[in-house]
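Q: My structure is below; once you've seen it, I'll send some questions.
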Amino acid sequence: MTGGIDIMADDSDGEPAGGEPDREPDPSDSLRTWGAVQQALREHAGYSRAEFADLVRFSKHTVESVELGRRMPDESYVAGAEELLGNTGALRKSSKYVTRGRGDVGLAAWFRQWARLERVAVSLYTYECRLVPGLLQSEGYARALFENRIPLLRDEELEAQVAARLERQRMLDERPTVPFSFIIEESVFRRRLGGVEVLRDQLNLVLERTALRNVTLQVMPTDAEFHACMDGPLRLLETPQGRRLAYSEGQENGRLISDPKEVSLLCQRYDTLRSQPLNAKDSRSLLERLRGEL
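Residues in the sequence shown are numbered from 860 upward in steps of one, following my numbering.
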């Protein structure tokens, strides 16, 4: 068995499987239909996208993503849209029948199998030294990342990737009994990607997300003298069957690691790393201080 396996389709229980070539999925018809109906009602009511976004308290980009079928409307979005657009019950009742499709739209091809495994994992562990992990990114931060992508993305590609990233974050709310552990370098939270306001919003979101009982954040201070993961970013998970898998990512590629010996080694590194950063309480205090300095 090799350390990496091809990025292929997964089977029904979430374990890696081969035999079906990876393909670009499409948004579900129900999602596109609901978005189109909501857009028609908005336009009939005389609201621009920007006006509607302000009234439902979502960003204009979120409204656009919902209307184009790229993003699942959550309950608060549906409630706000319903109230503004006639309060007939049509949007609320029809939202119960909206499905997400495979949920892979906007995800890099090499990341899709890991994303599918994440959705059924019983625990997830992340070490990151380059950027805020996707599960904790604010919309502004994610947008800044994709706007900096080389070669430049087309507008529709950028919106699809931002929407996919925000949709993936629903796991934190939908799976409250699954432990999510993050260890992130302090330097990541000092980089002003997208500007001061984007960073401030990002720090606010991280503090909000890590207040959840199942989410733990530890910040690795820049003056730390010991570090068990100097080889780069690392992600680990455990499947419902008790199998441990790892994932590493670089420039335009990613590798799902299934070899037990290699995964065991990476788990040892992460276990050692957890004793080296600030604890959760001190990590939150550091982020609050960094936010206050902006």
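Beta carbons: idealized from backbone N, C-alpha and C, even for Gly.
1. Hey, how far is the Cα of residue 911 from the Cα of residue 901?
2. Give me the residue from 1103, 1128, 1127 and 1110 with the minimum Cα distance to residue 1116.
3. Hey, could you find the ends of the alpha helix (DSSP H) residue 1132 is sitting in?
4. Tell me which residue opens and which closes the beta strand (DSSP E) that residue 1058 is part of.
5. Are the Cβ atoms of residue 1146 and residue 1037 separated by less than 9 Å?
6. Identify the continuous alpha helix (DSSP H) that holds residue 1000 and give its terminal residues.
7. Tell me whether residue 962 is buried or exposed, calling it buried when 16 or more other Cβ atoms sit within 10 Å of its Cβ.
8. Less than 9 Å between the beta carbons of residue 896 and residue 943, yes or no?
9. Note down the Cα distance separating residue 1013 from residue 1006, rounded to an integer number of angstroms.
10. Report yes if the C-beta distance between residue 1077 and residue 1136 is below 9 Å; otherwise report no.
11. Nearest CA to the CA of residue 1091: which residue from 1073, 1042, 1100 and 957?
12. Alpha carbon to alpha carbon, how far is residue 1053 from residue 1153? Give it in angstroms, no decimals.
13. Does the beta-carbon of residue 1015 have 16 or more other beta-carbons within 10 angstroms, so that it is buried, or is it exposed?
14. What separation, rounded to the nearest whole angstrom, lies between the Cα atoms of residue 986 and residue 945?
15. Are residue 1022 and residue 924 touching if we call contact CB-CB under 9 Å?
16. In the DSSP assignment, what are the bridge partners of residue 1112?
17. Is it right to say residue 1142 is buried, meaning 16 or more other beta carbons lie within 10 angstroms of its own, or is it exposed?
18. What does DSSP give as the partner residue(s) for residue 1028 in the beta ladder?
19. Cα-Cα, which of 1020, 1140, 1133 and 1094 is closest to residue 998?
20. Please specify which runs of the beta strand (DSSP E), each continuous and at least 3 residues long, are wholly inside the region 927-994, giving them in chain order.
21. Are the Cβ atoms of residue 1089 and residue 1045 separated by less than 9 Å?
A: According to the data block:
1. 7 Å
2. 1103
3. 1119-1132
4. Not the beta strand (DSSP E): residue 1058 falls in the alpha helix (DSSP H), residues 1055-1068.
5. no
6. 998-1006
7. Since pLDDT at residue 962 reaches only 49, below the 50 mark, its modelled position is unreliable, and the value read off the structure follows with that caveat. By the neighbour-count rule (16 or more Cβ atoms within 10 Å), residue 962 is buried.
8. no
9. 10 Å
10. yes
11. 1042
12. 13 Å
13. exposed
14. 47 Å
15. yes
16. 1109
17. buried
18. Residue 1028 pairs with nothing; no bridge assigned.
19. 1020
20. 982-987
21. no
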